[in-house]
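Colleague: In this note's numbering, the protein residues as written are 1 to 254.
Note that CB positions come from ideal geometry on N, CA and C, so glycine has one too.
Here you go, one structure.
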Ligand SMILES: NC(=O)c1ccc[n+]([C@@H]2O[C@H](COP(=O)([O-])OP(=O)(O)OC[C@H]3O[C@@H](n4cnc5c(N)ncnc54)[C@H](O)[C@@H]3O)[C@@H](O)[C@H]2O)c1
């Protein structure tokens with residue numbers, strides 16, 4: 001599905017997509033590439049990243065472990081070098097460990113989800129914003145949150161939800177900080193999107209319950225998240241910042 005040109009960033013826009021080996025990140029990278037963007041892709045999974053990089057004709061393939069602050073903070077600089085500048089970051093990486101019984105949650109469960117989902121968002125987006133501010137042409141920062149930021153999480157995802165709530169708060173703060181430099185910072189909150197992350201360890205009953213409470217009566221597709229991400233990077237979204245775009249088929253009306 002190619003986005004209409006007027007709702008896409010200009011051809012040649014320099015874009016870093018994280019989590020690009022994942023279901024949503026791959027779709028986002030593909031949509032940017034189809035819009036004529038210059039794309040750098042990043043992920044922990046080097047093998048799947050290689051295949052996506054080939055598919056989207058990425059100019060750079062940047063394997064990183066976002067549990068590392070050094071990897072997180074260094075990633076935008078590597079993309080900037082490869083793309084000869086940086087206009088957009090779509091930070092789509094994420095990690096969900098479901099634990100139906102809160103008593104089973106360990107400190108390790110807590111740390112890894114906070115590190116991958118929340119801490120990396122700060123170090124990646126701050127480094128990108130500083131580069132964009134020096135570049136002097138504004139920029140677009142887009143991070144993936146989740147409906148869990150609002151609900152507190154369903155299906156054993158309380159810790160994940162807390163990290164995604166942090167992503168929303170953090171991006172509001174970054175929007176305020178970097179707005180004067182013409183840099184917008186927004187989050188996209190997917191509802192239930194068909195992907196290995198959603199389905200892993202989720203009971204069939206919980207899945208059916210989500211679908212039953214979704215006015216559109218189905219799961220979303222990764223492409224249906226890519227569209228709003230591209231829109232946030234387009235000229236039409238120039239006055240949108242500190243927003244959380246609800247892309248859930250109406251699962252949560254807000
Ligand atoms: N699928 C859904 O229903 C859904 C719903 C709400 C929010 N989200 C969010 O959307 C984003 C994309 O989700 P998805 O469904 O494509 O999941 P996914 O699991 O397919 O993709 C996530 C990617 O993040 C990467 N990643 C994980 N740990 C990493 C690390 N330490 N360093 C670098 N990369 C790492 C993974 O390798 C993977 O490729 C995530 O932020 C997720 O939390 C997804």
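Less than 7 Å between the beta carbons of residue 118 and residue 169, yes or no?
Modeller: no
Colleague: Examine ligand 3 and report whether any of its heavy atoms sits within less than 6 Å of the Cβ of residue 60.
Modeller: Ligands displayed in this structure: ligand 1; ligand 3 is not among them.
Colleague: If you follow the beta strand (DSSP E) that residue 320 is part of, which residue opens it and which one closes it?
Modeller: The structure shown does not extend to residue 320, since the chain is modelled only from 1 to 254, so the question has no answer here.
Colleague: Closer than 6 Å: is that where the CB of residue 19 sits relative to any heavy atom of ligand 1?
Modeller: Under cutoff, so the answer is yes.
Colleague: Spell out the partners DSSP gives residue 218 in its beta bridges.
Modeller: According to DSSP, which records beta bridges pairwise, residue 218 is partnered with nothing at all.
Colleague: May I ask whether a heavy atom of ligand 1 can be found less than 6 Å away from the beta carbon of residue 67?
Modeller: yes
Colleague: What do you get for residue 152, buried or exposed, if any count of 16 or more other CB atoms within 10 angstroms of its CB means buried?
Modeller: Exposed.
Colleague: Locate the alpha helix (DSSP H) running through residue 107, then write down its first and last residues.
Modeller: Run containing residue 107: 107-113, per the alpha helix (DSSP H) assignment.
Colleague: What's the C-alpha gap between residue 127 and residue 77?
Modeller: 7 Å
Colleague: How long is the line joining the alpha carbons of residue 30 and residue 10, rounded to whole angstroms?
Modeller: 15 Å
Colleague: Taking the C-alpha atoms as reference points, what is the distance between residue 218 and residue 201?
Modeller: 19 Å
Colleague: For residue 183 and residue 205, what's the separation of their Cα atoms in angstroms?
Modeller: 42 Å
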